[in-house]
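Participant:
Residue numbers (the numbering used here): 4 to 64.
1) Rounded to a whole number of angstroms, what is the C-alpha to C-alpha distance between residue 59 and residue 6?
2) Helix, strand or coil for residue 6, going by three-state DSSP, please let me know.
3) Going straight from the alpha carbon of residue 63 to that of residue 55, what length do you get?
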């Protein structure tokens, strides 16, 4: 496990799988590194690309 963590830190890749492949979780960002790919998909990073901040105030009394 320690070797896997050391290797994952050194690999320049958006995802690293050890003893498995193509594990997907919508809450985890996925994307390429440097000039590979465009931005991130999944996770809060991806969600921000589609959102604009809005404040809504509602008096309930």
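For each residue, glycine too, the CB sits at the ideal point set by N, CA and C. None of these values were measured; they are calculated from a predicted model.
Facilitator: Let me lay it out:
1) Rounded to the nearest angstrom, the gap between the Cα atoms of residue 59 and residue 6 is 49 Å.
2) Here residue 6 sits in helix by DSSP.
3) Distance between the alpha carbons of residue 63 and residue 55 is about 25 Å.
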